[in-house]
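Enquirer: Here the sequence shown stands for residues 43 to 330, where the numbers follow the numbering used here. Quick one: the structure is below, questions incoming.
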Amino acid sequence: MGLFCNGFSLFLIVCSMAVAASGSFYQDFDLTWGDHRAKIFNGGQLLSLSLDKVSGSGFRSKKEYLFGRIDMQLKLVAGNSAGTVTAYYLSSQGPTHDEIDFEFLGNLSGDPYILHTNVFTQGKGNREQQFYLWFDPTRNFHTYSIIWSQQHIIFLVDNIPIRVFKNGESIGVPFPKSQPMRIYSSLWNADDWATRGGLVKTDWTKAPFTAYYRNFKADACSWSSGSSSCGSRSSSSFSDRAWQTSALDAPGRRRLRWVQKYFMIYNYCADLKRFPQGLPPECERSRF
């Protein structure tokens with residue numbers, strides 16, 4: 043992490059968090075489905091999800107959060123992962139739910155994973171951006187982070203920003219700011235669409251497919267019984283949280299442009315065929 047400690051302001055958060063100890067998956071998460079396919083081991087420091095022909099598996103956080111920074115290290119399904127999806131996201135509940143998504147779309151051995159991102163507000167998504175990664179996400183653990191403040195949502199990979207979704211309420215775009223969200227992850231079969239639009243199916247002779255998780259950290263405002271652990275949004279304890287001042291400065295914007303220039307493979311804001319009546323309003327203004 044020291045590489046970034048003299049860099050742009052966003053990474054100062056990372057450095058300040060370096061001293062924080064990781065929690066235990068036993069205390070922070072519930073295994074919600076998949077029976078024995080979801081496991082916590084190594085004294086609560088490692089979690090795995092598996093998928094076979096019968097079922098996938100998943101977990102969710104015990105706590106709900108309303109704003110904060112969430113970090114998790116993942117090592118994705120290795121080998122031929124075509125047809126599988128490893129989803130890691132924040133979500134509220136109900137038909138008008140909010141959601142902030144990382145989804146990792148598997149592929150044939152030797153072909154790159156696709157990182158699919160999306161933001162839902164009041165039940166409406168359709169804000170997809172997709173990326174290739176600049177490393178093999180199956181060989182080692184890598185950190186995937188979400189910074190969620192009242193001003194913006196920032197997606198990061200190994201502390202490098204890949205996407206910013208700004209609060210666009212001033213131009214009529216809803217922003218997730220009132221519904222507490224839990225952290226979820228699942229590993230499941232989506233071979234009807236995940237790999238080349240469903241052309242490549244899951245090879246069940248390679249099952250079980252397994253993804254691994256470690257080093258969860260939450261510098262976030264937990265939510266319980268209608269109140270926040272950070273106090274009210276106008277309180278000093280809330281405004282002093284590091285992620286509240288996580289705007290990208292010039293070096294951060296350069297890193298973001300680097301990712302979007304060389305690794306972005308789909309951007310809904312550039313899909314004129316999809317929006318013949320005009321692009322969504324948030325697409326018309328600067329994303330930085």
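Note that CB positions come from ideal geometry on N, CA and C, so glycine has one too.
1) Can you look up Trp246 in the DSSP assignment and give me helix, strand or coil?
2) Where do the N-terminal and C-terminal ends of the beta strand (DSSP E) with Gly11 fall, by residue?
3) Would you check if there are 3 or more beta carbon pairs closer than 8 angstroms linking the region 296 to 307 to the region 169 to 178?
4) Keeping to the same chain, check which residues put their C-beta closer than 7 angstroms to that of Phe162; ignore five residues upstream and five downstream.
5) For Asp140, report the span of its beta strand (DSSP E) as first-last.
6) How far does the beta strand (DSSP E) with Asp70 in it reach, from first residue to last?
7) With Pro332 and Trp265 assumed to form a contact (beta carbons below 8 angstroms), what rounded beta-carbon distance in angstroms separates them?
8) Which runs of the beta strand (DSSP E) at least 3 residues long sit entirely within the region 201 to 238? Give them in chain order.
9) Which residues in the same chain have their Cβ closer than 6 angstroms to the Cβ of Leu198, if we skip the five residues on either side of it in sequence?
10) Using beta carbons (cut-off 8 angstroms, strictly below), is Ile82 in contact with chain B?
11) Of the residues Leu241, Pro203, Asn209, which one's Cα is nearest the Cα of His194?
12) Round the Cβ separation of Ser92 and Ser99 to the nearest angstrom and send it over; I've been treating them as touching at under 8 angstroms.
13) Please report the residue range of the beta strand (DSSP E) in which Ala124 lies.
14) Among Cys325, Asp291, Asn231, Cys311, whose alpha-carbon lies nearest the alpha-carbon of Ala124?
15) What's the gap between the Cα of Asn48 and the Cα of Pro293?
16) Taking the Cβ atom as the reference point for each residue, do Ile225 and Ile112 lie within a distance shorter than 8 angstroms?
17) Helix, strand or coil, according to DSSP, for Lys303 in the structure here?
Expert: According to the structure shown:
1) helix
2) Summary: the structure shown does not reach residue 11, with the chain confined to residues 43 through 330, and so no result is reported for it.
3) yes
4) His139, Asp140, Glu141
5) It is not in any beta strand (DSSP E) - Asp140 carries neither H nor E in the DSSP assignment.
6) Run containing Asp70: none in the beta strand (DSSP E); it sits in the alpha helix (DSSP H), 67 to 70.
7) Absent from the structure is residue 332, since the part of the chain shown begins at 43 and ends at 330.
8) 202 to 208, 224 to 231
9) Ser187
10) In the structure shown, chain B does not exist; there is a single protein chain.
11) Asn209
12) 6 angstroms
13) No beta strand (DSSP E) contains Ala124, which DSSP labels as neither H nor E.
14) Asn231
15) Caution applies to Asn48, whose pLDDT of 37 falls short of 50 and renders its modelled position unreliable; the value that the coordinates give is listed next. The alpha-carbon atoms of Asn48 and Pro293 are separated by roughly 11 angstroms.
16) yes
17) helix
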